[in-house]
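Below is one structure, written out as structure tokens, with a few remarks after it.
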Ligand SMILES: Nc1ncnc2c1ncn2[C@@H]1O[C@H](COP(=O)(O)OP(=O)(O)O)[C@@H](O)[C@H]1O
Ligand SMILES: [Mg+2]
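Residue numbers (the working numbering): 1 to 285.
Written out as structure tokens, the structure is:
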């Protein structure tokens, strides 16, 4: 079932920081990517969805469950990876996962822990203390604990931080394997993460949701609006000529300027990066 968010507000420091400003949106079933720059409010939103932090005003419902009145019910349906986590450094990988399984009240957890250890390529580290692991390995254990018990909603705050490209691909494969039973909500500032694993996408900026729809519809926003022009390396570039410059790449034939304009001829195929850039700039100010 979708998660329905109505006029959700959250402030910090006695109201001086407006982290979430009356957000109303629906997070559909399936895989959802939450994009936004640092400080946009992604973690604040996910902490509330994960029932770790309380809301100031507004309403959040999972199915018929209300996040304020049915916190316990909702907690039982959730697996959560916080952006910052302090690990039980003295426990081994297996012991840490066992601890979480016990906390979650999972029975007969042994096989599931072993399959997660296998999936995340941690077999050789099973009996190694967390303190001895690299950042990427710790991150994999942290993701694994969020998936324990096959929760209906898996909420991962910046799960791919610290993972190298191969680990990110493995992470995607593990999630794909498990997503039949789960709804995934992932925050990231890496746009290719969303391209790689999400059907739907939300974009946050300064405490607001400025876009929430399918990845396909996000791409439609920049259809026929992305252009490329190549100029010689030593020419002076008139920046006024281009509405919004997305990127400038040095190529053998010269500088390739990729830009957005509302109209023009010979537009190129837009990428998700283009569409994200367009939405963020459209809502400037
Ligand atoms: N515990 C906190 N106390 C005070 N301010 C906070 C706290 N957590 C986040 N903020 C502020 O709230 C805003 C949103 O932060 P956050 O939700 O962490 O955004 P994101 O995850 O998108 O980077 C930022 O201005 C941040 O500095
Ligand atoms: Mg964050």
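Ideal placement from N, C-alpha and C gives every residue a C-beta, glycine not left out. The model shown is predicted, which means the values in this text are computed figures rather than measured ones.
How long is the line joining the alpha carbons of residue 78 and residue 156, rounded to whole angstroms? Going by the C-alpha atoms only, they are around 10 Å apart.
Write down the C-beta distance between residue 13 and residue 207 rounded to the nearest angstrom, noting that I regard them as a contact closer than 8 Å. With a beta-carbon spacing of about 14 Å, residue 13 and residue 207 fall beyond the 8 Å limit used to define contacts.
Distance check for residue 258 and residue 290, CA to CA, integer angstroms please. The structure shown does not extend to residue 290, since the chain spans only 1 to 285, so no value can be given for it.
Under 7 Å between C-beta atoms of residue 3 and residue 62: Yes.
Assign residue 171 to one of three DSSP states: helix, strand, or coil. For residue 171, the secondary structure class from DSSP, reduced to helix, strand or coil, is helix.
Which runs of the beta strand (DSSP E) fall wholly inside the region 192–232 and span at least 3 residues, in chain order? Segments of the beta strand (DSSP E) lying fully in the region 192–232: 200–205, 208–214 and 226–231.
Leaving aside the five residues before and after residue 7 along the sequence, list all residues of the same chain whose C-beta is less than 8 Å from its C-beta, in chain order. Closer than 8 Å at the Cβ level, and outside the excluded window around residue 7, lie 22, 23, 24, 57, 58 and 59.
Would you say the beta carbon of residue 42 comes nearer than 6 Å to a heavy atom of ligand 1? Within the chosen limit of 6 Å, ligand 1 reaches the beta carbon of residue 42 through at least one heavy atom.
Would you mind reading off the limits of the beta strand (DSSP E) that contains residue 32? Residue 32 -> beta strand (DSSP E) spans 31–35.
Consult DSSP for residue 92 and reduce its assignment to one of helix, strand or coil. For residue 92, the secondary structure class from DSSP, reduced to helix, strand or coil, is strand.
Label residue 250 either buried or exposed according to how many other C-beta atoms from any shown protein chain fall within 10 Å of its C-beta, with 16 as the threshold for buried. Counting Cβ neighbours within 10 Å, residue 250 comes out exposed, since fewer than 16 surround it.
Coil, strand or helix - residue 286 by DSSP: Coverage of the chain is limited to positions 1 through 285, which leaves residue 286 absent and any answer about it impossible.
Beta carbon of residue 139: closer than 6 Å to some heavy atom of ligand 2? No, the Cβ of residue 139 stays beyond 6 Å of every heavy atom of ligand 2.
Same chain, Cβ closer than 7 Å to residue 74, five either side skipped, listed in chain order: Annotation for residue 74: 51, 62, 65 and 67 place their beta carbon closer than 7 Å to its own, counting only its chain and skipping 5 residues before and after.
Are the Cβ atoms of residue 260 and residue 233 separated by less than 7 Å? Not closer than 7 Å, so no.
heavy atom of ligand 1 below 6 Å from residue 15 C-beta: Exclusion of residue 15 from the 6 Å shell around ligand 1 follows from its C-beta lying no nearer than that to any non-hydrogen atom of the ligand.
Nearest CA to the CA of residue 87: which residue from 134, 55 and 48? Comparing Cα-Cα distances from residue 87 to each of 134, 55 and 48, the minimum goes to 134.
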